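This report refers to the structure that appears directly beneath it.
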């Protein structure tokens, strides 16, 4: 049974591992290996930085029993910052449940919309959730160029 609630401090290390695995396994058809390494390096400095980022954001955890199977975070009231699902749990409703919970939280915080920077791989998922592409972005991570999309959704009918 999938449960969504706030990420616990003791889960931050598992979330970082999930992030690195998800980026490298799920996105490899759309990004080159050097892009994946720039996006999700597996080194101690990056792991510490990401743990701090998750700890200082509103981060929701998706658990199947006691196992972390995904997470998502909000920045402020209107930016879906991170959304990652364990590669072994794709297409089981984890991402959808996390996005719905984050949208509800954004509404509780007074936002009428939500934005997200979606990877090439995640774009179809976000479109299926009612998000529209605003523009294509080119970002530089560790000297490597990556492409993603600024996505937008009105939240007027979210309960």
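Residue numbers (this note's numbering): 680 to 838.
The beta carbon of each residue, even a glycine, is placed where N, CA and C say it ideally should be.
Just so it is clear, the structure is predicted and the values come from calculations on it, not from any experiment.
Are the CB atoms of residue i and residue j nearer to each other than 7 Å?
i           : j           : result
residue 740 : residue 686 : yes
residue 828 : residue 763 : no
residue 701 : residue 821 : no
residue 831 : residue 794 : yes
residue 834 : residue 792 : yes
residue 747 : residue 693 : yes
So what does DSSP say about residue i, is it helix, strand or coil?
i           : result
residue 829 : strand
residue 796 : strand
residue 774 : helix
residue 731 : helix
residue 767 : helix
residue 762 : strand
residue 835 : coil
Pull up the CB-CB distance for residue i and residue j, whole angstroms please, since I reckon it's below 8 Å.
i           : j           : result
residue 766 : residue 714 : With a Cβ gap of about 17 Å, residue 766 and residue 714 do not count as contacting.
residue 681 : residue 743 : 6 Å
**Request:** Evaluate contact between the segment 750-757 and the segment 709-727, counting only Cβ atoms and requiring at least three cross-stretch pairs below 8 Å.
**Result:** No: the two stretches stay apart, fewer than three of their Cβ pairs being nearer than 8 Å.
**Prompt:** Below 8 Å, can you find three or more Cβ-Cβ pairs linking the segment 772-780 to the segment 728-738?
**Reply:** With a cut-off of 8 Å, the segment 728-738 and the segment 772-780 do not count as touching, because too few Cβ pairs lie within range.
**Prompt:** Considering only residues of the segment 681-745, which uninterrupted alpha helix (DSSP H) runs meet the minimum length of 4 residues and lie entirely inside it, listed in chain order?
**Reply:** Taken in chain order, the complete alpha helix (DSSP H) segments of 4 or more residues contained in the segment 681-745 are 691-705, 712-718 and 723-735.
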